[in-house]
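>
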Amino acid sequence: MNTETDIETVSLVDLHLEAIRAAVKKPSPPTFKAGDIVRLKTWSPNMTVTGLNKDRTVVFTKWYDTTLHTFCTESFEIETIVLAQVK
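Residues in the sequence shown are numbered from 73 upward in steps of one, following our numbering.
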């Protein structure tokens, strides 16, 4: 067994795997800050971001419900939220 060749092969495999991992790395989640106007990707009223959890995976929002005539608060997974295009 040629130890030098085995070490080179392992090193090349490690480099190749590292390149693959870098290529398929998950995109970073969107970033929001308090005061941003957002909505759900599917549909929702425009909501104001009131904060995020420590891991930045959940967005806390509030909006005015015109049917109930009151402010509502709710939290959503960050992947389900997009910035609203407010005119």
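Positions of the beta carbon are idealized from the N, C-alpha and C atoms, including for glycine. Small disclaimer: the values here were computed from a predicted structure and weren't measured.
1. Output the boundary residues of the beta strand (DSSP E) element that contains residue 134.
2. With respect to 7 Å, is the separation between the Cβ of residue 143 and the closest non-hydrogen atom of the ligand ATP below this value?
3. What's the gap between the Cα of residue 149 and the Cα of residue 85?
4. Would you list the residues sitting across from residue 110 in a DSSP beta bridge?
5. Would you kindly report the start and end of the unbroken beta strand (DSSP E) that includes residue 143?
6. Measuring only the C-alpha atoms, how far is residue 107 from residue 156?
7. Measure how close the beta-carbons of residue 121 and residue 138 come, nearest whole angstrom, since I'm counting them as under 8 Å.
8. Just how far apart, CA to CA, sit residue 136 and residue 116?
9. Alpha carbon to alpha carbon, how far is residue 94 from residue 142?
Answer, in terms of the structure:
1. 130-137
2. This structure does not include the ligand ATP; it has no bound ligands of any sort.
3. 37 Å
4. 119 and 155
5. 142-149
6. 12 Å
7. Going by Cβ atoms, the distance from residue 121 to residue 138 rounds to 20 Å, so no, they are not a contact pair.
8. 12 Å
9. 47 Å
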